[in-house]
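Participant: Just dropping this structure here.
Chains as they are written, first to last, in our numbering: chain L, 1 to 412; chain X, 413 to 790.
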């Protein structure tokens, strides 16, 4: 973008579930961390600095998530952590002669869990996805009804849903899994920085985290493997990560993730700030834009995420219009070309294609302000009104929303 | 939307007018966007993702349209000038309104013209909607065509200054109501000039190969493409018959291998049995019912009349008027009277016979350089 001739409007970034900006303190420390450029595996002097960075980061991460440093494996991304956890657990079981081939997972999982399990089902595993409902909250009973003692080897359920922010009952599902002698994995990528995470309390065997959802440099992620739980590496190589993940460590990104974990004490206050912005946003939108509903709004959620259903619009156009006004939000998981398809998570919750297509995901972050939220609401009102006018959308034209519209009795 | 439209880059309120530019990733639409930026418009680029190009054997970015590498090229042009750029997912609509009719046409013995449907249902329908939704004043494309005031002052579509590249043939279904909102920024240029501008502006697409043929078919060829889209039982072979006797002179592997006026690839082994002096054989007619492909002397390919269905007009038209008519894109055009029939369809009576009137193609009418309208050849 060397030759900008058209100046973009000042940006309001509200897509923190996709990725977070680097924390200013991270940026300030990058050059210092970069000076430790040596290979941490080297025995000579150049290896000492990076080795220390790794050790410190591992200790900070462990403290933040309630783990022992030996249980922390650094990987490159959340997807790698998820792939490694699932494949690593099951192949270790198989290698030990275990005959169980049944795997249970929620139907709201990220593609890096879903596609890995689909791949495993081609390798002879019986993979069962537990259905969800419109609340977006997985029910423990639905897992209980499907788990089979002596057959179920592994259960996977995410901690915080990326689309709705709904916090899943992972602790209860883990107890259920362990009662059936099965292993438990949770994709906790969306949880860091949004809520306190204590893996000892959750009682899971495996958990995935990613630095770039937590204001750190992209390229560092974490796989937690409980000390006694079976594990085989996915990436074979040198002795890095105690032979559990080959490949020279990305010490710069890992140092940034470790640093952010030292700020664990800020999380409750930050979460409160984000929740107040999110609640203010939802209150305004519900009062000022007709027929909007909040997907998963009745379920326990982290305070940073809002999934809106706005009848009379479509997410793709909404996204483009908002972007031209400087507002950066999301309609769901974007595919590689940048052309959105309806979110599989919303479809799995039972929303129709049409509903999923008029959905908008707002992800508030640590740095947002109430002024930004108010500007966003004004822009959203303007854009929604234009799209609805062009489509001839009228109050009550969608049967889903007619009840809301008539009780409120407002016209936009 | 009809009537006079002020097209200057700055509106009376001092706001820059916003133009949605349909960008394929090729040199024409890239230069179109660049020219609009230079003229001071507020440009927004959009590429329609229409087809999963990984499912066919096209070499990516090599003379195709809107494949993923082409999207990257369009995006790099947008980045170069710093305007907003988006990808619109149109795969379902493209399949329903372009691919499916294309395949059906071949199964009916026609030679379809998918580019017109792409213009009708995607560029000048879907993108017109997008233009309004994104608060744009105009929609621009990289077509070789021009917009000029007609006799009544209304904007009309006229042929490009590059008569070789002129693409007005594909534009006859455009709703006249939207013409005032269209822009064809490169219509006054020829291809060499467009490439020169691209070079001067340092656009990555400056030396990119021209797209030729139909974007989604690529190198695999029409008949292989059809075969990849339908079950084998729909592609049954039949006889090749000689006109006018009806004598069976050969067999074929399916009518989708043929087009009217085709001479090569008939696979007639009997040719050697014929005397040297005998004229070559051409495809005269394809009968989808019997699956017979009729061949014969070239003289039978000529006709003085053409039926025209589902006529569309962009401006005033007098039944019986003498107009120039093109019956395929590469046709130079021939003069004839365009008559209106009782059923609402048209018939063209040419002054001189035209060669190989082909079902599935369009007959497009011109008054001098002005695009008047057109319709489908049954």
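We put the CB at the ideal spot given by N, CA and C, even for glycine. It should be emphasised that the depicted structure is a prediction, and the values quoted were computed from it without experimental measurement.
Express the C-alpha separation of residue 739/X and residue 600/X in angstroms, rounding to a whole number.
Facilitator: The alpha-carbon atoms of residue 600/X and residue 739/X are separated by roughly 24 Å.
Participant: Of all the CB atoms in chain L, is at least one closer than 8 Å to the CB of residue 474/X?
Facilitator: Unreliable positioning characterises residue 474/X in this predicted model, as indicated by a pLDDT of 45, which lies under 50. A coordinate reading is not provided.
Participant: Using the rule of at least 16 other Cβ atoms within 10 Å of the residue's Cβ for burial, across every protein chain shown, is residue 422/X buried or exposed?
Facilitator: Under this definition residue 422/X is an exposed residue.
Participant: Are residue 770/X and residue 677/X closer than 8 Å when you measure CB to CB?
Facilitator: Against a cut-off of 8 Å, the Cβ pair of residue 677/X and residue 770/X comes out as no contact.
Participant: What whole-angstrom Cβ distance do residue 661/X and residue 703/X have, given they're in contact under 8 Å?
Facilitator: Actually they are not in contact, since the Cβ atoms of residue 661/X and residue 703/X sit about 15 Å apart, beyond 8 Å.
Participant: Who does residue 721/X pair with in a DSSP beta bridge?
Facilitator: DSSP output for residue 721/X lists 788/X as bridge partner(s).
Participant: Is it the case that the segment 562–571 of chain X contacts the segment 770–786 of chain X, given that we only count it when at least three CB pairs across the two stretches are under 8 Å?
Facilitator: The segment 770–786 of chain X, when compared against the segment 562–571 of chain X, does touch it at the 8 Å Cβ threshold.
Participant: Helix, strand or coil for residue 598/X, going by three-state DSSP, please let me know.
Facilitator: Coil.
Participant: Apply the 10 Å Cβ neighbour rule to residue 133/L and answer buried if 16 or more other Cβ atoms are within range, or exposed otherwise.
Facilitator: Its Cβ having fewer than 16 others within 10 Å, residue 133/L is exposed.
Participant: Where does the unbroken beta strand (DSSP E) through residue 102/L begin, and where does it stop?
Facilitator: Start and end: 102–106.
Participant: Using the C-alpha atoms, what's the distance from residue 76/L back to residue 33/L?
Facilitator: The alpha-carbon atoms of residue 33/L and residue 76/L are separated by roughly 18 Å.
Participant: When burial is assigned at 16 or more other CB atoms within 10 Å of the CB, is residue 212/L buried or exposed?
Facilitator: Under this definition residue 212/L is a buried residue.
Participant: In terms of alpha-carbon separation, which member of 230/L, 193/L and 107/L lies closest to residue 204/L?
Facilitator: The option with the nearest alpha carbon to residue 204/L is 230/L.
Participant: Give me whichever residues DSSP pairs with residue 212/L in a beta bridge.
Facilitator: Paired residue(s): none; residue 212/L is not in a bridge.
Participant: Mind pulling the chain X residues with CB within less than 7 Å of residue 341/L?
Facilitator: Ordered by position in chain X, the residues that pass the 7 Å Cβ test against residue 341/L are 501.
Participant: Would residue 522/X be called buried (16 or more neighbouring beta carbons within 10 Å of its own) or exposed?
Facilitator: Classification for residue 522/X: buried.
Participant: Among 313/L, 303/L and 356/L, which one has its Cα closest to the Cα of residue 393/L?
Facilitator: The option with the nearest alpha carbon to residue 393/L is 313/L.
Participant: Three or more C-beta pairs under 8 Å: does that hold for the segment 587–605 of chain X against the segment 546–560 of chain X?
Facilitator: The segment 587–605 of chain X vs the segment 546–560 of chain X: in contact.
Participant: Whose C-alpha, out of 350/L, 290/L, 251/L and 388/L, is nearest the C-alpha of residue 39/L?
Facilitator: It is 251/L whose Cα lies nearest to the Cα of residue 39/L.
Participant: Identify the residues that DSSP records as bridge partners of residue 672/X: which are they?
Facilitator: The partner list for residue 672/X (beta bridge, DSSP) is empty, contrary to what the question assumes.
Participant: Taking 6 Å as the limit between beta carbons, can you name the residues of its chain near residue 666/X, skipping five residues before and five after?
Facilitator: Only 647 and 649 meet the Cβ criterion.
Participant: Taking only three categories from DSSP, how would you classify residue 505/X?
Facilitator: Residue state, collapsed to three classes: helix.
Participant: Less than 7 Å between C-beta atoms, sequence neighbours within five positions excluded: which residues of the same chain meet that for residue 391/L?
Facilitator: Counting only Cβ-Cβ distances below 7 Å, and skipping sequence neighbours, we find 312.
Participant: Can you tell me where the beta strand (DSSP E) holding residue 454/X begins and where it ends?
Facilitator: Note, residue 454/X: beta strand (DSSP E), 454–461.
Participant: On a CA-only basis, which of 379/L, 56/L and 17/L is nearest residue 256/L? Give me that one, please.
Facilitator: Taking only the C-alpha atoms, the option nearest residue 256/L is 56/L.
Participant: Is the shortest distance between the beta-carbon of residue 323/L and the beta-carbons of chain X less than 8 Å?
Facilitator: Residue 323/L counts as touching chain X.
Participant: Return the CA-CA distance between residue 65/L and residue 491/X, expressed in angstroms with no decimal places.
Facilitator: In a straight line, the C-alpha of residue 65/L is about 41 Å away from that of residue 491/X.
Participant: Would you list, in chain order, the members of the segment 534–552 of chain X that have their beta-carbon closer than 9 Å to a beta-carbon of chain L?
Facilitator: Under the 9 Å Cβ criterion, the segment 534–552 of chain X contributes 541, 542, 544, 545, 546 and 547.
Participant: Between the segment 496–522 of chain X and chain L, which residues of the former have CB atoms less than 8 Å from a CB of the latter, in chain order?
Facilitator: Going along the segment 496–522 of chain X in chain order, one finds 496, 498, 499, 500 and 501 with a Cβ nearer than 8 Å to chain L.
Participant: Would you say residue 615/X and residue 652/X are within 8 Å of each other, going by their C-beta atoms?
Facilitator: Not in contact: residue 615/X and residue 652/X (Cβ atoms no closer than 8 Å).
Participant: For the segment 349–382 of chain L, which residues have a CB atom closer than 7 Å to at least one CB atom of chain X, in sequence order?
Facilitator: For the segment 349–382 of chain L, which is checked against every Cβ of chain X, not one residue is closer than 7 Å.
Participant: Out of curiosity, what's the CA-to-CA distance linking residue 434/X and residue 73/L?
Facilitator: So the alpha carbons of these two residues sit roughly 47 Å apart.
Participant: Check each candidate in 372/L, 361/L, 365/L and 209/L and name the one with the smallest Cα separation from residue 164/L.
Facilitator: The candidate whose alpha carbon is nearest that of residue 164/L is 361/L.
Participant: Kindly give me the distance between the Cβ atoms of residue 617/X and residue 439/X, rounded to whole angstroms, as I take these residues to be in contact under 8 Å.
Facilitator: Residue 617/X to residue 439/X, Cβ: 5 Å. Contact.
Participant: Taking 8 Å as the CB-CB limit, is residue 386/L close to chain X?
Facilitator: Yes - at least one Cβ of chain X is within 8 Å of the one on residue 386/L.
Participant: Check whether the Cβ atoms of residue 130/L and residue 299/L lie closer than 8 Å to each other.
Facilitator: No, these two residues do not count as a Cβ contact at 8 Å.
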